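Q: Quick one: structure below, then a few questions.
Protein chains in written order, with our numbering: chain F, 61 to 231; chain Y, 61 to 231.
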């Protein structure tokens, strides 16, 4: 028996994962972002294959992770999660710069960012786990707290998109 | 430039990962546990190759994840992290049962448990990411809150073992 409530006890961060494929930038919300090894420092992300950002990371071999701040408003980061970069430019009203990887780094509403180059990938049914070697990371707001997924659900009353790693019909 | 403070903004849970290899049980603390796909439900863990539990999971192809409760005392779960199952029996004073996978499920100090069968693995320098298909999960304490890694560090003043995914000399 699988009680999905048990899975919700695992803690996640709300992150905006960015990509740059031949000058085209895009980003989507990913909550599955984890450090894998300390030295060399590597990070893993799990991205739904239906996300446009997924294909851009697979093609370009690099990604950025923007860790959303707890005090960010839904209107600031929500659009990254419920629209496709195929249809709209998600960066129209967003302050950002391009990092060392040329992937987008947000200038507001995040506590830190990480940039990585893909060194391996694993195909798991609907998602791909990309393993990235970290080439840059910076804490840009020392006083801000990162937003956890439980804070997003319980305090912000945020919904879980169907393409998320943690989506279940019952929730 | 890699600012390791940025990496500490990612949220993790404190979990005791259990194994059963031919009747020998063991467990270690792992903070890198995350869901990969919702259907079929899969979970990933990153385990240091030097851990005895690592070899037992690789050999047996199954593992349990015990999500530690925020109100657990250091003396209750700490021994799982700073000793090797090669040298001591970590379960001597622990209340547990064997789950569907025959891996150990703690009866105290956890909010939930998950059991999984390994379907894939990825070798990343010092660690292996095991991907498990979830075959059982249960929330056993609905009123308890799971312990995050930041709670462990900031409130419990817990230390990071050298074999952890998030260990850095500077911390």
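The beta carbon of each residue, even a glycine, is placed where N, CA and C say it ideally should be.
Please read these numbers as outputs of a predicted model, since none were measured by experiment.
Is the segment 168–181 of chain F touching the segment 204–214 of chain F, taking contact as three or more C-beta pairs under 8 Å?
A: Contact holds: three or more Cβ-Cβ distances are below 8 Å.
Q: What does a CB cutoff of less than 7 Å around residue 224 of chain Y pick up in its chain, not counting 5 residues either side in sequence?
A: Once the five neighbours on either side are set aside, the close Cβ partners of residue 224 of chain Y are 91.
Q: On a CA-only basis, which of F:94, F:119 and F:68 is nearest residue 85 of chain F? Give me that one, please.
A: Of the candidates F:94, F:119 and F:68, the one whose C-alpha sits nearest the C-alpha of residue 85 of chain F is F:119.
Q: Can you tell me whether residue 116 of chain F is buried or exposed, with buried defined as 16 or more other CB within 10 angstroms of its CB?
A: Buried is the call here.
Q: Within a Cβ cutoff of 6 Å, which residues of the same chain sit near residue 197 of chain F, ignoring the five residues on either side of it in sequence?
A: Within the same chain, residue 197 of chain F has close Cβ partners 174.
Q: Would residue 111 of chain Y and residue 162 of chain Y be called neighbours here (beta carbons separated by less than 8 Å)?
A: Against a cut-off of 8 Å, the Cβ pair of residue 162 of chain Y and residue 111 of chain Y comes out as no contact.
Q: Return helix, strand or coil for residue 153 of chain Y, following the three-state DSSP convention.
A: DSSP places residue 153 of chain Y in coil when its eight states are reduced to three.
Q: Using a Cβ-Cβ cutoff of less than 7 Å, which residues in the same chain neighbour residue 134 of chain F once the five nearest sequence positions on both sides are dropped?
A: Only 216 and 218 meet the Cβ criterion.
Q: Just how far apart, CA to CA, sit residue 176 of chain Y and residue 75 of chain Y?
A: Roughly 14 Å between the two C-alpha positions.
Q: In whole angstroms, what separates the C-alpha of residue 72 of chain F from that of residue 151 of chain Y?
A: Residue 72 of chain F and residue 151 of chain Y: Cα-Cα distance of roughly 29 Å.
Q: Just to confirm the assignment, what range does the alpha helix (DSSP H) spanning residue 120 of chain Y have?
A: Where residue 120 of chain Y is concerned, the enclosing alpha helix (DSSP H) stretches over 112–120.
Q: Would you kindly work out how many angstroms separate the C-alpha atoms of residue 94 of chain F and residue 69 of chain Y, rounded to a whole number?
A: About 11 Å.
Q: Under three-state DSSP, which class holds residue 61 of chain F?
A: Three-state result, residue 61 of chain F: coil.
Q: Could you check whether the Cβ of residue 113 of chain F sits closer than 8 Å to any Cβ belonging to chain Y?
A: No, residue 113 of chain F lies away from the interface with chain Y (no Cβ there is under 8 Å from its Cβ).
Q: In the DSSP assignment, the alpha helix (DSSP H) including residue 68 of chain Y goes from what residue to what residue?
A: Per DSSP, residue 68 of chain Y belongs to no alpha helix (DSSP H) and is neither H nor E.
Q: Have a look at F:184, F:220 and F:201 and flag the residue whose alpha-carbon is nearest the alpha-carbon of residue 166 of chain F.
A: For residue 166 of chain F, the nearest C-alpha among the options comes from F:201.
Q: Locate the alpha helix (DSSP H) running through residue 136 of chain F, then write down its first and last residues.
A: Here the alpha helix (DSSP H) through residue 136 of chain F covers 134–137.
Q: Please report the distance separating the alpha-carbon of residue 141 of chain Y from that of residue 154 of chain Y.
A: Taking the straight line from one Cα to the other gives about 14 Å.
Q: Write down the C-beta distance between residue 188 of chain Y and residue 185 of chain F rounded to the nearest angstrom, noting that I regard them as a contact closer than 8 Å.
A: Not quite, the Cβ-Cβ distance comes to about 20 Å (not below 8 Å), so this is no contact.
Q: In terms of residues, what are the limits of the alpha helix (DSSP H) holding residue 214 of chain F?
A: Start and end: 209–214.
Q: Give the range of the beta strand (DSSP E) segment to which residue 84 of chain F is assigned.
A: Unbroken beta strand (DSSP E) run through residue 84 of chain F: 84–90.
Q: I want to verify the contact list: residues of chain F whose CB lies under 7 Å from the CB of residue 63 of chain Y, in sequence order.
A: Neighbours of residue 63 of chain Y on chain F, chain order: 197, 198 and 199.
Q: Could you pull the start and end residues of the beta strand (DSSP E) that residue 163 of chain F belongs to?
A: Counting along the chain, residue 163 of chain F falls outside any beta strand (DSSP E), and DSSP gives it neither H nor E.
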